[in-house]
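Student:
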Amino acid sequence: MMKRIIAIIFSAALALPAFAQQNVVQAVPQTDSTVVARAPLADSSLVGKTIFHVLGQPADGSVRLNQPQEMGPAYEKYVKANGERKRQGYRIRLFFDNKQTARVESEELEKAFQEQFPLIPTYRSYTNPFFKVVVGDYRTKSEAVKELNKILPFYPRAIVVKESIFFPAI
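Going letter by letter, the sequence shown gives residues 0 to 169 in numbering that gives the first Met the number 0.
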C-alpha cells in the first residue's frame, strides 16, 4: 500500500512541470514562493467587438471576408433577440424560509444587500410556501464560489445554488 502511494506521488510530481508549462503565463519568483498566473480566457482588446468588426478591417496579414452584407445586422439582431433568454447557471442563495415573517424578512434582506453590494443583481421570489432571495448571475460554479467568499462575512448562511440565470455579458 505504501509503495502504491509513493508511486502515485512520484508520477504526479513528474507530470506537474509539464502541466504547469501549458497553463502558466508568468511565474514571478518571490522570497519564499512562486506566483502562478493562468492565461486569460478572453482577449480584453476584443471586448465589445464581434467577429464581423474584427475581420472586416484587414491588417498587415490582409484577411478578406466574403459574406453577404446582411450577415452582420442579422447576427446583431439574433444577439438582441436571444440576450434575455435564461440559461442554466449559478446564484447565491441568501434567504429561504416559510415563517409568517418570511416576506418582511426577505424584503429587508434584499434591500440591505442591494445597499451593500449595488453591482450584484438580486432576485426575490415566492414559490408556495417559501420566500427566497438569491443574488448574482454566474456561468460557472467557480465564479459563484469566488463571489460567495466575498459575501460570506456579511451573510454566513449564504450558499451557491444551481438556477436559471440571465447570461451575464462577458
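Glycine included, C-beta positions come from ideal geometry on N, C-alpha and C. Model, not experiment: these values are computed from the prediction.
With distances taken from CA atoms, which of R138, T121, K140 and Y137 is nearest K131?
Tutor: To locate residue 131, count along the sequence shown from 1; it is residue 132. Answer by Cα proximity: T121.
Student: Name the two residues that bound the continuous beta strand (DSSP E) containing F94.
Tutor: On the sequence shown, residue 94 is found 95 positions in, with the first residue counted as 1. That run of the beta strand (DSSP E) goes K85 to D96.
Student: If you follow the alpha helix (DSSP H) that E114 is in, where does it begin and where does it stop?
Tutor: Locating residue 114 in the sequence shown gives position 115, counting from the first residue. Taken as a continuous stretch (DSSP letters only), the alpha helix (DSSP H) holding E114 covers A101 to Q115.
Student: Just mark V134 as buried or exposed, buried being the case when its beta carbon has 16 or more other beta carbons within 10 Å.
Tutor: Here residue 134 corresponds to residue number 135 of the sequence shown, with the count starting at 1. Label assigned to V134: buried.
Student: Can you name the start and end residues of the alpha helix (DSSP H) that Y74 belongs to?
Tutor: For this step, residue 74 is matched to residue 75 along the sequence shown. M70 to N81 is the extent of the alpha helix (DSSP H) around Y74.
Student: DSSP on I119, reduced to helix/strand/coil?
Tutor: Residue numbering aside, residue 119 sits at position 120 when the sequence shown is read from its first letter. In this structure, I119 counts as coil in the three-state DSSP scheme.
Student: Quick one: Cα of P72 to Cα of K85, how far?
Tutor: As a position in the sequence shown, residue 72 is number 73, starting the count at 1. As a position in the sequence shown, residue 85 is number 86, starting the count at 1. Taking the straight line from one Cα to the other gives about 23 Å.
Student: Starting from K161, trace the beta strand (DSSP E) both ways and give me its first and last residue.
Tutor: By one-based count along the sequence shown, residue 161 stands at place 162. That run of the beta strand (DSSP E) goes I158 to F165.
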